[in-house]
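Protein chains in written order, with my numbering: chain P, 6 to 268; chain V, 948 to 1176; chain Z, 30 to 263. Note that the Cβ used here is the ideal one computed from N, Cα and C, for glycine as well. For clarity, every value in this text was computed on a predicted model and none was experimentally measured. Only one structure is covered here, and it is reproduced in the block below.
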Amino acid sequence: MISNKETISVLAKEGKRLDGRGLLDYRQPIQLETGISWTAEGSAKVQIGETVVMAGVKLSLEKPYNDTPDQGGIMINAELLPLSSPEYESGPPGIKAIELARVTDRGIREAKAIDMKKLCVTPGEKAWFVIIDIVTINDAGNLFDAASLAALTALKAAKFPEVDPETGAINYKKKTDQGLPLLKEPLAVTVYKINGQLLVDPTTQEEHAYDARLTVASDDNGTISAMQKGGEMPLTIEEVGKMVDIALDKANFLRAEVEKVVK
Amino acid sequence: MSNILKNDREVVIPGECLAEGMDYLPGDNTYREGEKIYSKILGLVGVAGRVMKITPLSGPYLPKTGDKIIAQVFDITMSGWRFKTNTAYSAMMNVKDASSRFIKRDEDLSKILAIGDYAVVTITKVTSQNLIDLTMKEPGLHQVSGGRLVKINSQKVPRIIGKQGSMISLIKDKTGCNITVGQNGIVWIKGDSDKELLAEKAVKMIEARSHEEGLTGKMEKFLSGGASQ
Amino acid sequence: MTYTERVDGRKFDELRPMEAKAGVIPNADGSALVKAGKTTAYAAVYGPRELFPRFKQNPKTGIVRCHYGMMPFSGSGERIRPGNSRRSQEIAMVMEKSLNAMIDLSAFPNAVVDIYVDLPQTDAGTRCAAISAASIALADAGIPMKDMISSVAVGEVDGTVVADLSYDEEAYDAIVSDIPVAMTHNTKEITLLQMDGEISKENLMKALEMAKVGTETVYELQMKALKEKFSRSD
């Protein structure tokens, strides 16, 4: 309920923030943990400041899509759980959850992060399908970055379950030590513009006081795989350039955090 | 044969037995069943003579007449403003209670307080259904502008203010900030932005450590740049 | 043919290793994390707050609303499609009735206290972990309650009465009964009781006695979780 919109705007102009951070500083602690759900094929919990998000990977064998008979598939879903904020209600995903899911999805899918062909078991008949579910535990701002971190970490930690060679049935209770065929490691960073200044890792109050934002997903080569602009105000081309630079730099910073828990 | 089972300032959870025997009386946040007195909430035991009471360590704010609170306008009607109060209940302020100057009939009320504005106001009435009436006419009551608002648990307000205002004065002295504490758990801090942040940290620290002894001394140390945490 | 040794080697009346922590979700008015074996439950309480739709408001007292959900990756087999299943709704309802027995919201007419429980991983005993977690979260939120509610599942596996069944026991290839129970601490009164399977009255009564002891173990952990928040001083 608390809004400090005007003060945030005034401080931003001076390069300052309410919590004393620099414009380009992430909150502390940043903590990543894998294996937080034994029932998932891969799982991760990400904490940035007070924001906590979890991601779980589930794998299943399905018939491939008609137009890609030799490939598996991937889908990313997000739920803003009412337990994570007084702002969320029970019910089907609202537009905020949908945007979060689709932006995170594009970042990973368009980066061709997973080798879809290696997910194929029998062309035209059976392939692995990967579903990542992201859920919020405490929303204190910057879900875009936290979700992207959680999804990537869970993907890296995931292992295929055993498949009975005769019946083809999946035994979810037994995992192999084979991980997913990952080609790239894309991460999304969202840069916010408040009163002409650019900053990262907004708190909830800063998220209610911004003019525009740009989410940029990039991989370890600096190749951009997805973008999403949000907010009511426009951005100049120059600003976009600056925001992309910041996003690429911060993605590397965050990638190092992922390396700490899963190679 | 009566017995107290808990010490003063001990932390208890709902349902814990505080005393047995009819010599003792159930005070705030307790209840009696048979000969025993039990706690109804998570809080600190307080023994005052024969009365056993519990001081809450968390919990909702109960609006009371005479309380000064900080509230936010969410609607403007023909007769005044409607406020969110950080409780389950909204509040109303009539045009005639907004200011000591005369407000003309066709005056644009949003020029006085617009939707989204916060104000320091006093509760003049609370109905049985917890509907709240407010006034902004008394001295010291006015719109919030500048500075920052911080939300804390309303049960910690007495600790933030301290005995005879000792704690709040300490924070004000050490940070040079103006600080208004709403009984509903909203605190308004205004000063240099660095000093505002220090005051905010102090307020949050008191909130987290309100159950500790010697807190004023610890806060003095913290505010003087001494030991943190 | 009797169940002489439990699948995981526990004694018959032994609960799985449990952990409980209070105040884990800063945005919530009260919150808790409870782990019972490999079942984990997060609980968050928001309220008393304004209740919509208006027609649900009760002018005499605030009301309680429970919500229960399993995260899509929390089932031991395939992914669970998100959404409110009939099972979730029923669990939410019995949770509500179980906790409501002790909650006093007479000072908050027309308001609502929302309790949300979500589970990232499950291995049976989910509604029990949910109720135990919700109870801690309610106390953490300063909601007035006459007593804490503690919950554990008891039952019978192939003729042997046991406490805190794991999924492997629920699914054991023999006659099984699964009995989730919730109790108050002071009077040991039952506020949740469900059962499926087959059991004799004699064993049912034995199981309930076991529940009395089992819920005490849970209570000790709930108390510890709440008091731990305030144990620090230097």
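Within a 10 Å sphere around the beta-carbon of V/Asp955 sit fewer than 16 other beta-carbons, which makes this residue exposed. Residue-level contact check: V/Leu1081 does not touch chain P, since none of the beta carbons of chain P fall below 8 Å from its beta carbon. Counting along the chain, the unbroken alpha helix (DSSP H) around Z/Ala236 starts and ends at Lys230 to Glu257.
Going by beta carbons, P/Pro87 and Z/Tyr145 fall inside the 8 Å limit. Here the alpha carbon of P/Lys180 sits roughly 6 Å from the alpha carbon of P/Phe165. By the criterion of at least three beta-carbon pairs nearer than 8 Å, the stretch 54–63 of chain P is in contact with the stretch 133–144 of chain P. Shown here, P/Val15 sits in a helix according to DSSP, grouped into three states. Of all residues in the stretch 131–152 of chain Z, those with a C-beta nearer than 8 Å to a C-beta of chain V are Met131, Asp133, Ala136, Phe137, Pro138, Asn139, Ala140 and Val141, reading in chain order. The C-alpha of P/Gly146 is placed about 33 Å away from the C-alpha of V/Thr1024. Contact between P/Ala222 and P/Lys198 is absent: CB atoms are separated by about 18 Å, not below the 8 Å threshold.
With the rule of 3 Cβ pairs closer than 8 Å, the stretch 1011–1028 of chain V counts as touching the stretch 1056–1076 of chain V. Of the other Cβ atoms in all chains shown, 16 or more fall within 10 Å of the Cβ of V/Gln1019; this residue is therefore buried. If you compare the alpha carbons of P/Thr241, P/His213 and P/Ser153 with that of P/Glu262, the shortest gap goes to P/Ser153. With 16 or more neighbouring CB atoms inside 10 Å of its own CB, P/Ile79 falls in the buried class. Assignment of P/Gln52 by DSSP, reduced to helix, strand and coil, places it in the strand class.
Between Z/Tyr32 and chain P, the shortest Cβ-Cβ separation is not below 8 Å. By the rule that beta-carbons nearer than 8 Å mark a contact, V/Gly1132 does not touch chain P. Interface with chain Z (8 Å Cβ-Cβ cutoff): V/Ala1038 is excluded.
Leu1144: these are the residues of the stretch 1142–1160 of chain V whose beta carbon lies less than 7 Å from some beta carbon of chain P, given in chain order. The straight-line gap separating the alpha-carbon atoms of V/Leu991 and V/Gly1094 is approximately 33 Å. Going by beta carbons, P/Val245 and P/Thr39 fall outside the 8 Å limit. Taking C-alpha positions only, P/Asn176 is separated from Z/Ser105 by approximately 10 Å. In chain order, Lys256 and Phe259 make up the part of chain Z whose C-beta sits under 7 Å from the C-beta of V/Val958. For the 8 Å CB-CB criterion, Z/Ala140 and Z/Gly76 form a contact. For V/Leu989, the closest of V/Asp1080, V/Ile1118 and V/Gln1102 by C-alpha to C-alpha distance is V/Gln1102. In the structure shown, the three-state DSSP call for V/Gln1076 is coil. Residues of the stretch 1090–1122 of chain V with a Cβ closer than 9 Å to any Cβ of chain Z, in chain order: Asn1100 and Gln1102. For V/Gln1019, the secondary structure class from DSSP, reduced to helix, strand or coil, is strand. One thing to note: V/Leu1170 has its Cβ within 8 Å of the Cβ of V/Ile1118. Those residues of the stretch 189–211 of chain Z placed with their C-beta closer than 7 Å to a C-beta in chain P do not exist. For the 8 Å CB-CB criterion, Z/Ala153 and Z/Leu194 form a contact. In this structure, the beta-carbon distance from Z/Thr213 to Z/Pro138 does not fall below 8 Å.
Taking a beta-carbon distance threshold of 8 Å, Z/Asn215 counts as an interface residue toward chain V. The C-beta of Z/Met234 comes no closer than 8 Å to any C-beta of chain V.
Note on Z/Arg83: under 16 other CB atoms within 10 angstroms of its CB, so exposed under the neighbour-count rule.
Neighbours of Z/Tyr71 across chain P, judged by C-beta separation under 7 Å: Leu88 and Ile142.
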